[in-house]
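Colleague:
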Amino acid sequence: EPEVTQTPSHQVTQMGQEVILRCVPISNHLYFYWYRQILGQKVEFLVSFYNNEISEKSEIFDDQFSVERPDGSNFTLKIRSTKLEDSAMYFCASSEALRGFHYGYTFGSGTRLTVV
Amino acid sequence: QQQVKQSPQSLIVQKGGISIINCAYENTAFDYFPWYQQFPGKGPALLIAIRPDVSEKKEGRFTISFNKSAKQFSLHIMDSQPGDSATYFCAAGPSNTGNQFYFGTGTSLTVIP
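Protein chains in written order, with our numbering: chain A, -18 to 97; chain B, 28 to 140.
1) Does Glu(-16) (chain A) come out as helix, strand or coil in the three-state DSSP assignment?
2) Our contact map puts Leu58 (chain A) next to Ser39 (chain A) with C-beta atoms below 8 Å; I'd like the distance itself, whole angstroms only.
3) I'd like to know if Glu49 (chain A) contacts chain B, where contact means its C-beta is closer than 7 Å to some C-beta of that chain.
4) Would DSSP call Gly110 (chain B) helix, strand or coil?
5) Indicate the three-state DSSP secondary structure (helix, strand or coil) for Leu27 (chain A) in the structure shown.
6) What does a CB cutoff of less than 7 Å around Gln108 (chain B) pick up in its chain, not counting 5 residues either side in sequence?
7) Let me see if you follow: with CB-CB separation under 7 Å, is Glu(-16) (chain A) close to chain B or not?
8) Gln64 (chain B) bridges to which residues according to DSSP?
9) If we define contact as Cβ-Cβ less than 7 Å, is Lys69 (chain B) a contact residue for chain A?
10) If we cut at 7 Å on Cβ distances, does Ala56 (chain B) have a partner in chain A?
11) Checking the sheet assignment: what are the DSSP bridge partners for Gln45 (chain A)?
12) In three-state terms, what does DSSP make of Leu38 (chain B)?
13) Between Ser92 (chain B) and Pro79 (chain B), what straight-line distance do the alpha-carbon atoms span, to the nearest angstrom?
14) Specify the secondary structure class of Glu66 (chain A) as computed by DSSP and reduced to three states.
15) Under the assumption that Leu136 (chain B) contacts Ser101 (chain B) (Cβ atoms under 8 Å), give the Cβ distance between them as a whole number of angstroms.
16) Let's see if you can read the secondary structure: which residues bound the beta strand (DSSP E) around Tyr14 (chain A)?
17) How would you write the range of the beta strand (DSSP E) that Thr92 (chain A) sits in, first residue to last?
18) Just to confirm, is the Cβ distance from Tyr129 (chain B) to Gln65 (chain B) under 7 Å?
19) Decide if Gly89 (chain A) is buried, meaning its Cβ has at least 16 other Cβ atoms within 10 Å, or exposed.
20) Between which two residues does the beta strand (DSSP E) harbouring Phe57 (chain B) extend?
21) So is Arg61 (chain A) buried or exposed if we call it buried at 16+ other beta carbons inside 10 Å?
22) Could you tell me the distance, in whole angstroms, from the CA atom of Asn54 (chain B) to the CA atom of Lys98 (chain B)?
Encoded structure:
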């Protein structure tokens, strides 16, 4: 079963520091996403990415956030200056495009980001 | 505005019983309604999904019922098993590629032996 792989599984960082969360989407998928889940709360959309550009982003995805697909396999989320409220589980997901529809995401296991 | 409302927040069911989780959505443009199952420490995994052209979809013990006029859909787990104990999220969104899904707040299901 193809998987979305995320690293690291847990990241602790000091407030104000930059973090990069890494993801390897499923190889034949073309659409990539970042979601986050604050402990015990709902899953929230951050950004979607297709053809090397952002296709949609939420209000959460402000100037502190950026995404990149640096080498054709990895998909990264960068937070430039972390805040305490950025502490959450960050999920990468990917989906395939099939005749203009996508049939749900495949999520990775997540990176737990703790900002101290 | 909360695009998708999910209830109940938690649910306890006896083994062999039926678990029912309900969701309601706001946007009539949504045309894809997946359910995700999440175990602790794992990402959500697609369980079953439905489009509004059908009122019910069944896969094994899992059934989605869909009411387009009421803008509601529900997940039924028949013959619930302890292994079904997990958090379940409904979601809704457009089926156009690349658009975000809106998730419900999740239901923590516990199936007791």
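Cβ coordinates follow ideal geometry from the N, Cα and C atoms, glycine included.
Modeller: Working from what's here:
1) Your numbering for residue -16 (chain A) matches position 3 in the first sequence. Coil at Glu(-16) (chain A), not helix or strand.
2) Taking the first residue of the first sequence as 1, we reach residue 58 (chain A) at position 77. Taking the first residue of the first sequence as 1, we reach residue 39 (chain A) at position 58. So it is not a contact: roughly 13 Å between Cβ atoms.
3) Residue 49 (chain A) sits at position 68 when you count from the first residue of the first sequence. Any Cβ of chain B closer than 7 Å to the Cβ of Glu49 (chain A) would place that residue at the interface, and such an atom is absent.
4) In the second sequence, residue 110 (chain B) corresponds to position 83, counting from 1. In the structure shown, Gly110 (chain B) falls within a helical segment according to DSSP collapsed to helix, strand and coil.
5) Taking the first residue of the first sequence as 1, we reach residue 27 (chain A) at position 46. Note: Leu27 (chain A) maps to strand in three-state DSSP.
6) Translated into the one-based positions of the second sequence, residue 108 (chain B) becomes position 81. Result list for Gln108 (chain B): Lys42 and Val138, in chain order.
7) Within the first sequence, numbered from 1, the residue matching residue -16 (chain A) stands at position 3. No, no contact with chain B.
8) By one-based count along the second sequence, residue 64 (chain B) stands at place 37. DSSP lists B:Ala72 and B:Tyr115 as the bridge partner or partners of Gln64 (chain B).
9) Looking up residue 69 (chain B) in the second sequence gives position 42. Yes, Lys69 (chain B) lies at the interface with chain A (some Cβ there is under 7 Å from its Cβ).
10) Position 29 of the second sequence, counted from the first residue, corresponds to residue 56 (chain B). Taking Cβ atoms only, chain A never reaches closer than 7 Å to Ala56 (chain B), which makes this a no.
11) Along the first sequence, one-based indexing puts residue 45 (chain A) at 64. Residue pairing by DSSP leaves Gln45 (chain A) without any beta bridge partner.
12) On the second sequence, position 11 is the one that residue 38 (chain B) refers to. Correct three-state label for Leu38 (chain B): strand.
13) As a first step, residue 92 (chain B) is located in the second sequence; it is residue number 65 there, counting from the start. As a first step, residue 79 (chain B) is located in the second sequence; it is residue number 52 there, counting from the start. Roughly 10 Å between the two C-alpha positions.
14) Counting from 1 along the first sequence, the entry for residue 66 (chain A) is found at position 85. Glu66 (chain A) falls in the helix class under three-state DSSP.
15) Here residue 136 (chain B) refers to the residue found at position 109 when the second sequence is read from its first residue. Here residue 101 (chain B) refers to the residue found at position 74 when the second sequence is read from its first residue. Rounded, the Cβ-Cβ distance is 13 Å, inconsistent with contact.
16) Residue numbering aside, residue 14 (chain A) sits at position 33 when the first sequence is read from its first letter. Its beta strand (DSSP E) spans residues Tyr12 to Gln18.
17) Counted from its first residue, the first sequence places residue 92 (chain A) at position 111. Counting along the chain, the beta strand (DSSP E) containing Thr92 (chain A) begins and ends at Thr92 to Val96.
18) Counted from its first residue, the second sequence places residue 129 (chain B) at position 102. Counted from its first residue, the second sequence places residue 65 (chain B) at position 38. Their beta carbons are not under 7 Å apart, which means Tyr129 (chain B) does not touch Gln65 (chain B) by this criterion.
19) Here residue 89 (chain A) is taken as the residue at index 108 of the first sequence, counted from 1. Gly89 (chain A) is buried by the Cβ-count criterion.
20) Residue mapping note: residue 57 (chain B) aligns to position 30 of the second sequence, counting from 1. Careful: Phe57 (chain B) lies outside any beta strand (DSSP E) and carries neither H nor E.
21) Here the question's residue 61 (chain A) lines up with position 80 in the first sequence. Result: exposed.
22) Within the second sequence, numbered from 1, the residue matching residue 54 (chain B) stands at position 27. Within the second sequence, numbered from 1, the residue matching residue 98 (chain B) stands at position 71. Distance between the alpha carbons of Asn54 (chain B) and Lys98 (chain B): 8 Å.
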